[in-house]
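J.: For the sequence shown, my numbering begins at 181 and goes up steadily by one. From the three backbone atoms N, C-alpha and C, an ideal C-beta is built for every residue, glycine too. As the structure is a prediction and not an experimental result, all values here were calculated from the model.
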Amino acid sequence: MKNGKKNKKTRDIGNQSPDSIDALLQVLEKLNQAHVDYVIIGGIACNLHGLIRATRDIDLLIPKNISNTKKILEVLAENLFWGLAKELDAEEVSKKPFTIIGDQPRVDLLTVAGQVKFDEAYKNSLRRKIQNVDVRYVDIDTLLKTKNTNRPTDYSDSVQLKAIKKMKKTDF
Numbered sequence: 181m182k183n184g185k186k187n188k189k190t191r192d193i194g195n196q197s198p199d200s201i202d203a204l205l206q207v208l209e210k211l212n213q214a215h216v217d218y219v220i221i222g223g224i225a226c227n228l229h230g231l232i233r234a235t236r237d238i239d240l241l242i243p244k245n246i247s248n249t250k251k252i253l254e255v256l257a258e259n260l261f262w263g264l265a266k267e268l269d270a271e272e273v274s275k276k277p278f279t280i281i282g283d284q285p286r287v288d289l290l291t292v293a294g295q296v297k298f299d300e301a302y303k304n305s306l307r308r309k310i311q312n313v314d315v316r317y318v319d320i321d322t323l324l325k326t327k328n329t330n331r332p333t334d335y336s337d338s339v340q341l342k343a344i345k346k347m348k349k350t351d352f
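1. Taking the C-alpha atoms as reference points, what is the distance between D319 and T333?
2. If we count Cβ pairs, one from each stretch, closer than 8 Å, do we get three or more for the region 239–254 versus the region 267–279?
3. Which runs of the beta strand (DSSP E), 3 residues or longer, sit entirely within the region 241–322?
4. Smallest Cα separation from V207: which of Q284, G223, S247?
5. Would N330 be called buried (16 or more neighbouring beta carbons within 10 Å of its own) or exposed?
6. Could you give the DSSP three-state label for V216: helix, strand or coil?
7. Specify the secondary structure class of I221 as computed by DSSP and reduced to three states.
8. Tell me whether the beta-carbon of K327 lies closer than 9 Å to the beta-carbon of Y335.
9. Given this structure, state the Cα-to-Cα distance separating L231 from L204, to the nearest angstrom.
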């Protein structure tokens, strides 16, 4: 990123500040280097599918696997922004539906999103390189399943994602 301007590949991440995008990519790069399993869901996944909206967190769907969760917490704890990760127990985190870590960026670890668990999301996930960082994110159909909640934001996202999906089907 030059002079705080987004290039084509960072525009895919959506309406985020350059610092937020850099932080997101830093988190993902470190997780990739540690060979942990995760799939991006939530607002960032919406952005990657073309629904551009602001989001304040990185939502990661992870397996209920203690060793994977331990590696994730270790990676996050190495960064000063996520000192709280040092205090979390991997077994506890892997049993809970979600755990919030940090502030800028905030990382939400989820073991279930709506009715979607990690294995389903991973099997159908997509990959894209953004500034040489491999980004694994949920496909649009699975993302829609994760949005099947009572939250107004999820309803709004769902309506817009369905329109995007329909539009992509009619593209030539």
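T.: The answer reads as follows:
1. 19 Å
2. yes
3. 278–281, 286–290, 306–310, 313–317
4. Q284
5. exposed
6. coil
7. strand
8. yes
9. 18 Å
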